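Chemist:
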Amino acid sequence: LQTAADMAGWSQRTEAGTGSGLGIAMGRYKNHAAYCAVVTQVSVEEKIRVEKAWVAVDAGAAINRDGLVNQIEGGLIQSLSWTLKESVTWDATGITSCDWGHYPILGFDEIPELAVQVVDRPHEPSLGVGEPAAGPAAASVANAVAHALGLRARDLPLAAGRLAALISP
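If you use this note's numbering, the sequence shown corresponds to residues 5 to 173, in order.
#1: From the DSSP output, read off the bridge partner residues of A41.
#2: Check whether the Cβ atoms of V133 and A63 sit closer than 8 Å, and answer yes or no.
#3: What span of residues does the alpha helix (DSSP H) with Q6 cover, start to end?
#4: Thinking just about the alpha-carbon of each residue, which of S24, I67, H151, I99 is nearest to the one in F126?
#5: Report the rounded CA-to-CA distance for E128 versus I171, giving the unit in angstroms.
#6: Between L131 and V145, what straight-line distance do the alpha-carbon atoms span, to the nearest angstrom?
#7: Using the beta-carbon count (16 or more within 10 Å), is S15 buried or exposed?
#8: Kindly list the residues whose CB is nearer than 8 Å to the CB of T87, restricted to its own chain and excluding five residues on each side of it in sequence; keep chain order.
#9: Using only CA atoms, which one of L72, G98, V149 lies nearest to V120?
Encoded structure:
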């Protein structure tokens, strides 16, 4: 947690309610595998944009550092898509998001600047990695939005409609 906070300059974050915010979160994958801490920087205007993400991961002894970093980056991006956009839609006739043209996902132009630091502990056992960034990434974005707006979002995805409802209930 301290590593991710240091990477992001957490101690110098701005005041809450400015439209820009930092959020932090941490989790342990499946309660027995890798530890992962995520800090995200967001800007909030008509929609939420994750500008930067810093991740620190402790998976014990890192066997394949490059593979570990790739896994963390992929899990983080997937989680950001879930958090900001992904949602099944439907109407009276049934599901309307039946193909990729109608199902909202994060676009390449929305991927933030990423920094991943592996906390390598070569004398410890290797821990499973899987997707340890998924939970902390979502929580970090929600915390960053709370910092940016001074309001707590409690429903996902944090898409434009939900953001508007949060700002003017």
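We put the beta carbon where it would ideally sit given N, CA and C, even for glycine. It should be emphasised that the depicted structure is a prediction, and the values quoted were computed from it without experimental measurement.
Modeler: With the given structure in hand:
#1: As a working note, residue 41 is residue 37 in the sequence shown. In the DSSP output, where bridge partners are listed per residue, A41 has M30, A60.
#2: In the sequence shown, the residue the question calls residue 133 occupies position 129. In the sequence shown, the residue the question calls residue 63 occupies position 59. Yes, they are a contact pair.
#3: As a working note, residue 6 is residue 2 in the sequence shown. The continuous alpha helix (DSSP H) containing Q6 extends over residues 6 to 12.
#4: In the sequence shown, residue 126 corresponds to position 122, counting from 1. A small fix is needed here, since residue 126 is Pro in this sequence, not Phe. Considering only alpha carbons, the answer is I67.
#5: The count along the sequence shown starts at 1 and reaches residue 128 at position 124. The count along the sequence shown starts at 1 and reaches residue 171 at position 167. I171 has its alpha-carbon roughly 47 Å from the corresponding atom of E128.
#6: Against the sequence shown, residue 131 aligns to sequence position 127. Against the sequence shown, residue 145 aligns to sequence position 141. One C-alpha to the other measures close to 25 Å.
#7: By one-based count along the sequence shown, residue 15 stands at place 11. Residue environment for S15: exposed (fewer than 16 other C-beta atoms within 10 angstroms of its C-beta).
#8: Within the sequence shown, numbered from 1, the residue matching residue 87 stands at position 83. Non-local beta-carbon contacts of T87 in its own chain, meaning distances under 8 Å to residues more than five positions away in sequence, involve A141, A142, V145, A146, L160, P161, L162 in chain order.
#9: Translated into positions along the sequence shown, residue 120 becomes position 116. Per the Cα distances, L72.
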